[in-house]
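S.K.: Take 1 as the starting number for the sequence shown in our numbering and just add one per residue.
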Amino acid sequence: MNIDPGRIIMWFVIFLLSLTVHECAHAWAAEKSGDSTGRYLGRVTLNPIPHIDVFGTIIFPLIAITTGGWMFGWAKPVPFNSMNLRNRKWGEIIIASAGPISNLMLVAIFLVLFRIFFRNPLISPDALGEMAQPIAMMLGIGMSLNIILAVFNLIPVPPLDGSHVLRNLLPDSLAEKYEQIPAWAGFIVLFLLVRIGFTSLLTTPIFNLVEMILSF
C-alpha cells in the first residue's frame, strides 16, 4: 500500500484541531451552564495537549489511516458536575450538543476559506502556485472530517454525545432505563456498525457532498 506521509500529516493536524475544538466547546458550554470543572482542569483551551488521549488521539487514528481506513479516534472526555448546572436537563443537552455544533462551525470556516482562496475574483488560484493543491486538499479534508465528527457524535449510542442528548429528552421512566446501558455495550454497537459497513454508508455521501460543494 502506498502511504503518503504528507497526506497523513495533513489529516492528523486537522484531526487534532477538530478534536481540540470539540472538547474545548464541551468545557466552555459546561462553564456557561454553571459548572467550572472543565475550567479548573484546563480544558477550556485550544491547546491540544490537555485534550489528548494517547491511544484514542494518536495511536488509533494513525493505525486507522495507515491501514487504509479513514482517520478516526477520540480525545479525553471533559468531566462536569451536573449538580452545579443551573438547569440540569438543558445544561446537559447544551454541553453534549456543543461538541458537534463546534465541528459544524469548523465546516463553515473551512468552506469560507475555500471560497476566499478559490472562488474569489480578487485572488487567482494561479497565484497560489504549487500551494494551490495542498491548500485545497487541506480545506476539503477539514470539511469532510468535521461533518463526519458532527454526524457520528450525534448517534444516540453511549458514550457518544447523541446519547446524552437523547437521555435528557426521554421521559423519566425511559431515561432511567437508558442510563443503565453500560458504555461497553455502546462500544459493541459501534463496532458492529463498523463491521457491517456503516462507516462507508456515512462517509461516502459526506465525501460526495463536500466534492459537490467545492465544485460550485
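Glycine residues also receive a C-beta, built at the ideal position from the N, C-alpha and C atoms.
Where does Asp66 fall in DSSP's three states?
M.R.: As a first step, residue 66 is located in the sequence shown; it is residue number 66 there, counting from the start. The identity of residue 66 in the sequence shown is Thr, whereas the question assumes Asp. In this structure, Thr66 counts as helix in the three-state DSSP scheme.
S.K.: How would you call Leu192, buried or exposed, if buried means at least 16 neighbouring beta carbons within 10 angstroms?
M.R.: In the sequence shown, residue 192 corresponds to position 192, counting from 1. Exposed, by the Cβ-count rule.
S.K.: Pick helix, strand or coil for Met1, following the three-state DSSP scheme.
M.R.: As a working note, residue 1 is residue 1 in the sequence shown. Legend: pLDDT at Met1 = 47, less than 50; position of this residue unreliable, value from coordinates given subsequently. If DSSP states are grouped into helix, strand and coil, Met1 belongs with coil.
S.K.: Less than 7 Å between C-beta atoms, sequence neighbours within five positions excluded: which residues of the same chain meet that for Arg7?
M.R.: Here residue 7 refers to the residue found at position 7 when the sequence shown is read from its first residue. Here the set comprises nothing.
S.K.: CA-CA distance, Cys24 and Gly129?
M.R.: Reading the sequence shown from its first residue, position 24 is the one you call residue 24. Reading the sequence shown from its first residue, position 129 is the one you call residue 129. In a straight line, the C-alpha of Cys24 is about 35 Å away from that of Gly129.
S.K.: Could you tell me whether the segment 141–149 touches the segment 105–115, using the rule of 3 or more Cβ pairs below 8 Å?
M.R.: Output reads yes: the segment 105–115 touches the segment 141–149.
S.K.: DSSP state of Asp172, grouped into three classes?
M.R.: Taking the sequence shown and counting its residues from 1, the one referred to as residue 172 is at position 172. Helix.
S.K.: What did DSSP end up calling Gln133 once you bin it into helix, strand or coil?
M.R.: For the purposes of this step, residue 133 is taken as the residue at position 133 of the sequence shown. It is helical.
S.K.: DSSP three-state label for Val78, please.
M.R.: Position 78 of the sequence shown, counted from the start, is the residue given in the question as residue 78. In the structure shown, Val78 sits in coil (DSSP, three-state: anything other than H, G, I, E or B).
S.K.: Taking the C-alpha atoms as reference points, what is the distance between Val165 and Gly42?
M.R.: Here residue 165 refers to the residue found at position 165 when the sequence shown is read from its first residue. Here residue 42 refers to the residue found at position 42 when the sequence shown is read from its first residue. Cα to Cα, the separation comes out at about 25 Å.
S.K.: Taking the beta carbon of Leu209 as the centre, do at least 16 other beta carbons fall within 10 Å, making it buried, or is it exposed?
M.R.: Here residue 209 refers to the residue found at position 209 of the sequence shown. Exposed, by the Cβ-count rule.
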